[in-house]
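Novice: For the sequence shown, our numbering gives the first residue as 1, with consecutive numbering after it. Just so it is clear, CB atoms sit at the ideal spot from N, CA and C, and this is done for glycine as well. These numbers come from a predicted model, not from an experiment. Handing you this structure, nothing more for now.
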Amino acid sequence: MELTLKGKLWDWTVGGTAEFFGADGWVWQTFTAQGALGPINSEWTFLFGPLAPAFLYAYGKYSLLLSGMDLVVHTAMVGPNGPYVFTGG
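Right under this line is the structure:
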């Protein structure tokens, strides 16, 4: 089950999603932000494990349309919490 809330704060769209799973209860909390910093568009996602509590990762994307070419920079940071190591499986 998910609970998602979104809203506008000035020219930014901000929101969050809480995910609940079976007997474990509240397992993930995601926060998002989308907006512009002048000519640069920005999107951010932050993921937390609320039970530990644990910072899991942050992902950001910046884009700029320049002379018909879309320049995009991706940035990410993974948290230090060992129990949340993703193995790809």
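With which residues is M77 paired in a DSSP beta bridge?
Specialist: A58
Novice: With a CB to CB cut of under 7 Å and the five nearest residues on each side skipped, what residues in its chain are close to V73?
Specialist: Y62
Novice: CB of A18 to nearest heavy atom of the ligand HEM: below 7 Å?
Specialist: Of the ligands one can find in the structure shown there are none, so the ligand HEM has no counterpart to examine.
Novice: Spatial neighbours of F31 within its chain, please: C-beta separation below 7 Å, excluding the five flanking residues on both sides.
Specialist: Closer than 7 Å at Cβ, skipping near neighbours: G16 and F46.
Novice: Whole angstroms is fine: what's the gap from A23's alpha carbon to P39's?
Specialist: 46 Å
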